[in-house]
Amino acid sequence: MRHFLTIVFCLFLASCYGAGKRGGDSALAIYDFGPPVEDRAVPGRRGELAVEVRAPIWFDSLGIEYRLLYDEPKRLRDYTRSRWAGPPAQLVQQRLIQQLGLMPAGQGRTRCVLRIDIDEFIQIFDTPTSSRGVIQGRVQLLDRSRTSLVGYELQIEKPAASADARGGVAALTVAVDQLVADLLGWEQQLKSSGKAAACFG
């Protein structure tokens, strides 16, 4: 009887430990941003712009990170059973290459470089059941000498449909595609204003 109670107690502790981690004991899930959005692809522009997406060294991991604003908001956490297919900065850069027809920086002679510095790429929980995908950083357009011509502060937020890794990934995917749309609109503004004639002239 004592042996049976010991086993039950151990199982109880294991279940409590697992319940305290987002992701539980399900099989490891690997995520990227899915297929490109076809109606936003802009082919044939590889001679004009290259793209470079940078992030702090602590972002160079596969963890899907989240933050609880209601409980230790300065603490970064990640899901135990969910991972990105690659470091987020690389995934974002690949998405921009696919959608905007750009070339990776350093792989050819282009007029200018679109540089994006990402400071936040995370799912933020405002409450235990309400969260959003957040991208923060800076966008700069650099000429061939890497001098900044123009730029803006990056801040995109999209609501998550569920309070888990799947919801966070979906929200961040929508946020990245919003970034694509914003960059297209920004490019049109620059062309109209002539502020970046060295890149689009």
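Note that the numbering used here has the sequence shown beginning at 581, numbered continuously upward. All residues carry an ideal CB built from backbone N, CA and C; glycine is no exception.
Please classify residue i: is it buried, with 16 or more other beta-carbons within 10 angstroms of its beta-carbon, or exposed?
i: S728; result: exposed
i: L763; result: buried
i: T707; result: exposed
i: Y659; result: buried
i: G774; result: exposed
i: Q673; result: buried
i: E632; result: buried
i: Y611; result: buried
i: I522; result: Since the first residue of the chain shown is 581 and the last is 781, residue 522 is not available in this structure.
Measure how close the beta-carbons of residue i and residue j come, nearest whole angstrom, since I'm counting them as under 8 Å.
i: G717; j: K738; result: The Cβ separation is near 15 Å, so there is no contact.
i: Q720; j: R695; result: 5 Å
i: A609; j: R657; result: Incorrect: roughly 16 Å between the Cβ atoms, too far for contact.
i: F639; j: P668; result: 6 Å
i: I522; j: E733; result: Because the chain in this structure spans residues 581 to 781, residue 522 falls outside the shown range and cannot be described.
Excluding the 5 residues preceding and the 5 following residue i in the sequence, name in chain order all residues of the same chain whose CB lies nearer than 6 Å to its CB.
i: T753; result: F613
i: W766; result: none
i: A778; result: D723
By Cβ distance below 8 Å, which residues in the same chain neighbour residue i in space, the five residues on each side in sequence not counted?
i: R687; result: The question names Arg, yet the displayed sequence has Gln at residue 687. Answer for Q687: A630, listed in chain order.
i: R655; result: R647 and L648
i: K771; result: F780
i: F705; result: Y646, R647, L648, L649, Y650, S711 and A743
i: Q670; result: V633
For residue i, name the three-state secondary structure that DSSP assigns.
i: A776; result: coil
i: L770; result: helix
i: L763; result: helix
i: G603; result: Because G603 carries a pLDDT of 49, less than 50, the predicted location of this residue cannot be relied on, and the following value inherits that uncertainty. Coil at G603, not helix or strand.
Within its chain, find whatever has a CB closer than 7 Å to the CB of residue i; leave out the 5 residues flanking it on each side and keep chain order.
i: A751; result: Q703, R712, G713, K738, P739 and A740
Just checking: is the beta-carbon of residue i within a distance shorter than 7 Å of some beta-carbon in chain D?
i: L656; result: The chain labelled as chain D is not found in the depicted structure, where only one protein chain is given.
### 4 or more residues per run - each alpha helix (DSSP H) lying fully within the segment 713-761
none
### Query
At which residue ranges does the segment 625-689 contain complete alpha helix (DSSP H) runs of 4 or more residues, listed in the order of the chain?
668-680
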